[in-house]
Amino acid sequence: RNLVTQVTGLVRWRESIAWLAGAGVDLFVEIGPGRVLSGLARRIAEGADTLAVGGPDDIAAALPRLT
Numbered sequence: 026r027n028l029v030t031q032v033t034g035l036v037r038w039r040e041s042i043a044w045l046a047g048a049g050v051d052l053f054v055e056i057g058p059g060r061v062l063s064g065l066a067r068r069i070a071e072g073a074d075t076l077a078v079g080g081p082d083d084i085a086a087a088l089p090r091l092t
């Protein structure tokens, strides 16, 4: 039953990003192909920075922004 609830439940993306931004998070990292979630995060948390890491080659480029 827990799995069914998890799979069919609401995704509270907007609320989650807004809460994180309100808590002082200013960099959101998206891991995986595409940049859809990064775009959504930028619209929800105005002024926040995003970083999309799509594959192994992107990891080395991302490291300086994460340290």
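Numbering (my numbering), first residue to last: 26 to 92.
Where is the CB? At the ideal position from N, CA and C, for every residue including glycine.
Output the boundary residues of the alpha helix (DSSP H) element that contains E40.
-> W38 to G47
Residue from A46, L88, T33 and L76 with nearest C-alpha to V54 = L76
Beta-carbon separation of G59 and G72 under 9 angstroms?
-> no
For I69 versus A46, is the C-beta distance shorter than 9 angstroms?
-> yes
Indicate the three-state DSSP secondary structure (helix, strand or coil) for A86 in the structure shown.
-> Helix at A86.
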